[in-house]
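Enquirer: Numbering (my numbering), first residue to last: 4 to 503.
Glycine included, every Cβ here is placed at the ideal spot set by N, Cα and C.
Remember, it's a predicted structure, so these values are computed and weren't measured experimentally.
Okay, here's the structure, questions in a sec.
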Amino acid sequence: MKEIKHEGESVFATSIGIHENDIWLGTKGASFLLLNREDDKLRFRESITISDFNTLKENSSSFVKLQSDENDLWMLNSGVLTLYEPIKRTTQQVNGQLGINDLITDFIIGDEVLTTFSSRSIYQIPKDVLKSNFKTAPITITEVTVNETPRSLTALSKLDHDENNINFTFNSNGFKASEYVEYQYQINNEEGSWRRVPYGTTQLQFASLSPGDYSFKLRGKNNRSTGYKYLKPVRFTILPPFWQSYWFYALIVLLIIVLTYLIFKRQQEKKNKKRIQEMDKLLMEKKIASLKLENIRSQMNPHFVFNSLNSIQDFIVSNERELASDYLVKFSRLIRKYLDYSQQDEITLGQEIAALKLYLELEKMRFDDELDYSIKIDDTLNIEHIMIPSLLVQPYVENALKHGLMHKPNNRKLMIGCGVIENKKILSIKIEDNGIGRQQSALLNRNRGRSHTSFSTAVNNERASLYKEQFNKPVDIVIEDLVNDGQASGTRVTITLPLN
4 MKEIKHEGES VFATSIGIHE NDIWLGTKGA SFLLLNREDD KLRFRESITI
54 SDFNTLKENS SSFVKLQSDE NDLWMLNSGV LTLYEPIKRT TQQVNGQLGI
104 NDLITDFIIG DEVLTTFSSR SIYQIPKDVL KSNFKTAPIT ITEVTVNETP
154 RSLTALSKLD HDENNINFTF NSNGFKASEY VEYQYQINNE EGSWRRVPYG
204 TTQLQFASLS PGDYSFKLRG KNNRSTGYKY LKPVRFTILP PFWQSYWFYA
254 LIVLLIIVLT YLIFKRQQEK KNKKRIQEMD KLLMEKKIAS LKLENIRSQM
304 NPHFVFNSLN SIQDFIVSNE RELASDYLVK FSRLIRKYLD YSQQDEITLG
354 QEIAALKLYL ELEKMRFDDE LDYSIKIDDT LNIEHIMIPS LLVQPYVENA
404 LKHGLMHKPN NRKLMIGCGV IENKKILSIK IEDNGIGRQQ SALLNRNRGR
454 SHTSFSTAVN NERASLYKEQ FNKPVDIVIE DLVNDGQASG TRVTITLPLN
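As structure tokens, then:
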């Protein structure tokens with residue numbers, strides 16, 4: 004007697020099967036060995052483990068019984084009888100598809116019939132049936148759910164972007180088909196890549212599918228069959244959300260084009276508006292420059308200059324040199340102020356009043372002191388910080404003297420007042436005389452063939468309008484005829500403008 008060893012290890016056989024010169028040994032390691040007996044010698048031909056066959060119970064620790072039959076090997080393991088064909092290296096189970104539902108405890112192989120024994124029954128099965136192929140029953144889809152809500156296949160063609168959790172339940176009719184039919188599937192035309200469904204599983208779930216076109220394919224094969232049964236492909240489309248659709252992209256592109264156009268148009272309008280404003284500004288500056296020249300001419304009234312020079316001459320002829328010198332100094336200072344202020348858009352109220360005082364002093368000397376004038380300033384006004392258009396008041400004072408007081412033989416009075424109205428936000432300047440009035444002055448001028456329109460006053464009115472446009476400060480000028488007992492008693496000019 005000699006111990007059998009395999010790869011240097013002792014072999015512990017739990018069962019033995021003999022067929023002609025082949026000896027099959029079932030071992031504790033859940034594997035079996037094939038030995039060949041030739042010339043009274045044993046040689047190992049093959050070693051196979053349970054993991055080589057998915058039909059065997061992998062938790063088994065040993066084979067209960069082995070028996071050879073011609074070129075086949077019958078193996079009883081954990082109540083399951085398996086036919087192994089070494090030439091083909093294939094297995095067939097004697098299972099429920101043959102009507103055997105009990106655990107097999109023993110078996111006998113006859114010439115044409117296989118007899119199995121269980122604790123409750125005895126089965127006899129023709130051996131040719133055991134090797135015959137079974138047909139796989141047609142595969143059908145029994146239920147489809149979308150987001151756990153049942154749907155028909157016809158309603159599956161187009162789904163919204165959030166209907167992207169799809170569950171297929173399927174079946175192949177036949178006795179215990181769910182246990183012995185192997186299913187495989189493809190999703191979205193994965194050519195050559197069939198995925199296996201675990202035995203006993205008849206449901207597939209696809210979660211969070213992306214938008215796109217899908218084709219679901221399913222095939223099944225009975226484990227005793229040679230060919231697959233195919234399910235007609237199920238095609239469906241998950242629509243993209245509206246923000247991923249072509250029309251939305253087109254709308255965005257259109258909006259970008261429209262916005263670009265509007266922005267471009269707005270920029271062009273701004274440029275055009277700026278160009279127009281610049282042109283208006285140039286025109287205004289040109290007009291202001293022209294008005295400055297006109298204003299200089301108006302301040303340099305030729306009658307005033309002529310009369311002033313005559314007065315100086317009279318003082319000299321009368322040997323009143325001190326008066327002539329005083330008059331000449333004041334006259335030169337006034338001319339200097341006129342020239343300086345005419346070059347400025349604004350001067351302080353204090354500068355305006357200083358020029359008026361010089362002018363009135365000269366005119367009073369020319370009137371032989373028969374002129375009574377007064378200048379009153381509101382105590383709340385800071386005349387050195389209040390800005391007004393340059394030489395705004397002087398033309399109206401000149402008009403009061405030239406057209407109102409000059410034609411009055413005596414008691415000539417002129418009052419100039421500066422105050423604040425409307426909660427200290429509006430400056431008010433009043434020039435009031437007790438002359439003959441505008442109507443009487445106009446009549447006298449017509450009789451002498453002169454126009455009553457004052458050139459300096461017209462220029463000043465236009466300057467006030469431009470001042471409002473340029474500095475956004477309205478200058479209002481109101482002229483009133485004063486009447487006493489139905490007789491003209493003078494003229495009042497009121498100039499108002501906002502305090503800066």
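(1) Determine the contact status of Tyr376 and Leu337, defining contact as a CB-CB distance below 8 Å.
(2) Taking contact to mean at least 3 C-beta pairs separated by less than 8 Å, is the region 381–401 in contact with the region 428–440?
(3) Can you give me the C-alpha to C-alpha distance between Ile299 and Ser468, rounded to a whole angstrom?
(4) Give the straight-line distance between the Cα atoms of Asn176 and Gln127, rounded to the nearest whole angstrom.
(5) Taking its Cβ as the centre, do 16 or more other Cβ atoms sit within 10 Å of Gly230, making it buried, or is it exposed?
(6) Determine the extent of the alpha helix (DSSP H) in which Pro398 is found, giving its start and end residues.
(7) Are Ile79 and Ile107 closer than 8 Å when you measure CB to CB?
(8) Residues in its own chain within less than 6 Å of His455 by CB, not counting five upstream and five downstream?
(9) Closest to Ser393 by C-alpha separation, out of Gln490, Val486, Glu73, Ile356, would be which residue?
(10) Taking its Cβ as the centre, do 16 or more other Cβ atoms sit within 10 Å of Gln247, making it buried, or is it exposed?
(11) Within the same chain, show all residues whose beta-carbon is closer than 7 Å to that of Lys471, passing over the 5 residues directly before and after it, in chain order.
(12) Glu366: buried (16+ other C-beta within 10 angstroms of its C-beta) or exposed?
(13) Three-state secondary structure (DSSP) at Asn168?
(14) In its own chain, which residues sit with a C-beta less than 6 Å from the C-beta of Asp238, not counting the 5 before and 5 after it?
(15) What does a CB cutoff of less than 7 Å around Pro1 pick up in its chain, not counting 5 residues either side in sequence?
(16) Is Glu465 near the ligand GTP, going by C-beta to nearest heavy atom under 7 Å?
(17) Have a look at Gly489 and Gln347 and give me their C-alpha separation to the nearest angstrom.
(18) Does Leu162 have its Cβ less than 8 Å from a Cβ in chain B?
(19) Do Leu162 and Thr263 come within 8 Å of each other at the CB atom, strictly closer than that value?
(20) Apply the 10 Å Cβ neighbour rule to Ala358 and answer buried if 16 or more other Cβ atoms are within range, or exposed otherwise.
(21) Straight-line CA distance for Leu76 to Ala16?
(22) What's the C-alpha gap between Asn84 and Arg198?
(23) Kindly indicate which three-state DSSP category Asp75 falls into: helix, strand or coil?
(24) With respect to the alpha helix (DSSP H) encompassing Met368, which residues constitute its N-terminal and C-terminal limits?
(25) How big is the Cα-Cα spacing for Leu417 and Gln442?
(26) Look up His455 in the DSSP assignment and say whether it is helix, strand or coil.
(27) Given Phe251, which residues of its chain have a CB within under 6 Å of its CB, disregarding the five upstream and five downstream residues?
(28) Residues in its own chain within less than 7 Å of Gln187 by CB, not counting five upstream and five downstream?
(29) What number of angstroms, rounded off, separates the C-alpha of Pro153 from the C-alpha of Pro214?
(30) Our contact map puts Met368 next to Tyr330 with C-beta atoms below 8 Å; I'd like the distance itself, whole angstroms only.
(31) Taking DSSP as the reference, what is the three-state secondary structure of Ile389?
(32) Rounded to whole angstroms, how far is the Cβ of Asn191 from the Cβ of Glu166, which I believe are closer than 8 Å?
(33) State the CB to CB distance for the pair Ile480 and Asn464, rounded to an integer number of angstroms; the pair is presumed to be in contact (CB under 8 Å).
(34) Between the C-alpha atoms of Val147 and Ile90, what's the straight-line distance to the nearest angstrom?
(35) Nearest to Pro141 by CA position, among Lys235, Val97, Tyr202, is which residue?
(36) Since Lys68 and Asp109 are thought to touch, with beta carbons under 8 Å apart, how far apart are those beta carbons, to the nearest angstrom?
Expert: According to the data block:
(1) no
(2) yes
(3) Reliability fails at Ile299, whose pLDDT of 47 lies under 50, so the model's placement of it is uncertain and the value that follows must be treated cautiously. Between Ile299 and Ser468, the C-alpha separation is close to 18 Å.
(4) 25 Å
(5) exposed
(6) 397–402
(7) Sequence inspection shows Leu at residue 79; the Ile mentioned does not correspond to that position. Yes, the pair counts as a contact, with Cβ atoms nearer than the cut-off.
(8) The predicted position of His455 is uncertain, since its pLDDT is 45 and thus under 50; no value can be drawn from it.
(9) Ile356
(10) exposed
(11) Pro477, Val478
(12) buried
(13) coil
(14) The sequence shown places Arg at residue 238, rather than the Asp named in the question. Contacts found: Ser218.
(15) The structure shown has nothing for residue 1, since the chain only spans 4 to 503.
(16) The ligand GTP is absent from the structure shown, which contains no ligands of any kind.
(17) 43 Å
(18) In the structure shown, chain B does not exist; there is a single protein chain.
(19) no
(20) buried
(21) 16 Å
(22) Going by the sequence as given, residue 84 is Leu instead of Asn. Using only the alpha carbons, I get a separation of about 29 Å.
(23) strand
(24) 352–369
(25) 18 Å
(26) Annotation note: pLDDT 45 at His455 (below 50); position unreliable, coordinate value reported separately. Residue state, collapsed to three classes: coil.
(27) Phe245
(28) Trp197, Arg198, Arg199, Val200, Arg222
(29) 20 Å
(30) 6 Å
(31) coil
(32) No, Asn191 and Glu166 are not in contact; Cβ-Cβ is about 17 Å, not under 8 Å.
(33) 7 Å
(34) 44 Å
(35) Lys235
(36) 7 Å
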